[in-house]
Amino acid sequence: MQIPGNIDPVVTPRAPVQRADGRRDVLGLDRDELKAALIAVGVPENQARMRASQVWHWVYHRGVTDFAAMANIAKDTRALLEEHFVVSRPEVVTAQVSSDGTRKWLLRAPDGNEFEMVFIPDADRGTLCVSSQVGCTLNCRFCYTGTMKLVRNLTPGEIVGQVMLARDALGEWPSAQDGRLLTNIVMMGMGEPLYNFDNVKKALNIIMDEAGIQLSRRRITLSTSGVVPMMARAGEEIGVNLAVSLHAVTKEVRDEIVPLNRKYGIEQLLEACAAYPGANNARRITFEYVMLKDKNDRDEDAHELVRLLRKYRIPAKVNLIPFNPWPGSPYECSDWDRIERFSDIVFRAGISAPIRTPRGRDIMAACGQLKSESQKISRAELDRIAAEKQAQIMEETVN
Ligand code: SAH
Ligand code: SF4
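Going by this note's numbering, the letters in the sequence shown line up with residues 138 to 536, in that order.
In structure tokens, the structure reads:
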């Protein structure tokens with residue numbers, strides 16, 4: 138049987154949509170780019186570095202989006218900035234708050250593409266789940282995002298813009314080091330971040346920059362379905378924590394549920410994990426494992442998982458994610474006692490294997506209800522449902 142699903146990076150790179158007014162977004166420009174952009178619009182060269190730092194300070198420490206408020210910049214320069222630049226935010230289509238504090242946003246880019254972002258508060262941290270693409274080309278069979286037809290890479294500005302918008306909503310300006318609500322970021326939203334490497338790298342570097350959002354690389358996790366050739370670069374050039382969507386321990390099953398496995402197999406993937414720069418016992422690699430009834434949830438699978446992680450000597454922890462069904466999904470979630478048994482086996486081998494509990498259920502109720510409607514509605518609407526569903530899944534995957 139030919140299993141549907143792309144295994145090659147077929148993302149259509151598209152130039153960011155130009156704004157109708159021709160102005161350029163400051164978000165997503167690194168400091169050198171901003172400096173060059175300032176010179177290009179007439180800021181004297183000997184002032185450009187200082188002006189770029191000032192703008193960055195207002196943008197990333199104060200959350201200012203209006204150049205007129207940048208008080209320490211000369212009035213005529215502010216006017217020049219106003220004429221040529223904007224400090225954008227993604228447009229909010231819907232914003233919901235769950236009774237457990239989880240927040241979810243459906244966002245829209247200027248070209249109409251929609252993507253999701255979720256914030257999950259906990260006692261000791263707040264995690265923002267960020268999207269890297271609209272849709273995903275990889276078509277993992279259990280994943281709703283993979284069913285979306287529209288795919289494009291999010292720009293660095295759109296990725297950074299998600300974090301900025303979350304901080305707006307949480308009232309986190311001016312930026313402080315202590316007492317932040319948004320303390321962690323996971324690249325676990327829509328899309329495969331390693332198929333949008335350059336933009337993700339640039340965005341995360343701005344997020345980590347001392348003069349930017351100042352979030353430590355230890356508080357950022359990038360999740361990949363196993364784009365092996367990019368993993369070493371991710372470790373070296375970005376240096377964040379790694380999560381790997383493993384989901385199966387045999388070639389047969391992983392080929393089916395994560396089609397990318399036909400290109401980069403399990404052994405290759407685990408070798409890349411073992412070599413991941415910076416992984417050690419204090420900074421373990423997270424293996425995500427979605428529990429699919431009668432597919433990947435046997436005792437033998439749990440034992441094999443342990444064997445593989447030991448064989449490659451990977452400092453690992455395992456996240457067991459109860460499968461979240463969606464309209465037409467070809468799998469069911471494993472029974473609860475099966476998941477617990479699986480978790481026990483892995484735990485007993487000395488590897489942490491918590492079961493992820495669902496969060497924010499109440500604001501997601503609509504997803505299930507739309508099921509019977511899904512045949513009648515447009516492609517765009519279907520993609521929106523997929524985006525919403527993915528947000529729900531994101532909540533259940535994180536933490
Ligand atoms: N593309 C990247 C990051 C986004 S997916 C990756 O695959 O790692 C984020 C996580 O959600 C992945 O572990 C993915 O496998 C999981 N996921 C996707 N659909 C799911 C579903 N229906 N139920 C439970 N987890 C799901
Ligand atoms: Fe893409 Fe990740 Fe979903 Fe697979 S699980 S289709 S890689 S978003």
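We put the CB at the ideal spot given by N, CA and C, even for glycine. A quick note: this is a predicted structure, and the numbers were derived from the prediction, not measured.
Close-in-space but distant-in-sequence residues of the same chain around residue i (CB under 6 Å, 5 per side omitted)
i: V234; result: R240
i: S312; result: H198
i: E469; result: K430
i: S480; result: L457, A490, I492
i: L550; result: As shown, the chain starts at 138 and ends at 536. That puts residue 550 outside it, with no answer to give.
i: L442; result: V386
i: N417; result: P452
i: E510; result: Since pLDDT at E510 reaches only 32, below the 50 mark, its modelled position is unreliable, and no value is offered.
i: P459; result: M428, C470
i: G349; result: Y197, I343
i: I296; result: A340
Minimum Cβ-Cβ distance from residue i to chain C less than 8 Å
i: R370; result: Judged by its chain identifiers, the structure shown contains no chain C, having just a single protein chain.
Residue i, DSSP secondary structure in three states
i: D438; result: helix
i: V300; result: helix
i: F484; result: helix
i: Q155; result: coil
i: K122; result: No statement about residue 122 is possible, as the shown extent of the chain runs from 138 to 536 and does not include it.
i: R317; result: coil
i: F279; result: coil
i: T387; result: coil
i: M368; result: helix
i: D346; result: coil
i: D392; result: helix
i: E220; result: helix
i: T423; result: strand
i: N398; result: helix
i: L169; result: In the sequence on display, residue 169 carries Asp and not Leu. If DSSP states are grouped into helix, strand and coil, D169 belongs with the helices.
i: N183; result: helix
i: R160; result: coil
i: E329; result: coil
i: E253; result: strand
i: D335; result: helix
i: S190; result: helix
Sheet register partners of residue i (DSSP bridge)
i: V229; result: L244
i: A340; result: For A340, which the question treats as bridged, DSSP gives no partner whatsoever.
i: T361; result: V381
i: G263; result: P258
i: P459; result: M428
i: Q270; result: N290
i: C470; result: L429
i: A490; result: According to DSSP, which records beta bridges pairwise, A490 is partnered with nothing at all.
i: K137; result: The requested residue 137 does not occur in the structure, where the chain is confined to residues 138 to 536.
i: I210; result: For I210, which the question treats as bridged, DSSP gives no partner whatsoever.
i: V234; result: R240
i: P324; result: The amino acid occupying residue 324 in the given sequence is Met; Pro does not appear at that position. Partner(s): L359.
i: N418; result: Answer is none; N418 lacks a bridge partner.
Residues near residue i in its chain [Cβ-Cβ closer than 7 Å; skip 5 each side]
i: R262; result: T320, N321
i: A528; result: K241, E253, V255
i: S362; result: L275, C277, E329, S382, V395, L397
i: I488; result: V443, L446, A453, K454, V455
i: G298; result: L164, S225, R226, P227
i: A486; result: V443
Close beta carbons around residue i, own chain, < 8 Å, minus the five adjacent residues each side
i: L302; result: R226, P227, V229, W242, L244, M254
i: P462; result: Y468, E469, C470
i: L217; result: V178, G179, V180
i: I176; result: E182, A185
i: E219; result: F204, A205
i: T358; result: N321, I322, V323, M324, M325, V377, N378, L379, A380, T423
The region 425-439 contacting the region 395-404, beta-carbon criterion three pairs below 8 Å: Taking 8 Å as the limit for Cβ pairs, the verdict is that the region 395-404 does not touch the region 425-439.
Any 3 or more C-beta pairs closer than 8 Å across the region 285-304 and the region 323-339: The region 285-304 vs the region 323-339: in contact.
The region 271-278 in contact with the region 304-319 per 3-pair CB rule at 8 Å: Taking 8 Å as the limit for Cβ pairs, the verdict is that the region 304-319 does not touch the region 271-278.
At least three beta-carbon pairs within less than 8 Å, the region 338-347 to the region 370-385: Two segments are said to touch when three or more pairs of C-beta atoms, one from each, lie closer than 8 Å; by this definition the region 338-347 touches the region 370-385.
Meets three-Cβ-pair contact criterion under 8 Å: the region 462-477 and the region 402-417: No, the region 462-477 is not in contact with the region 402-417.
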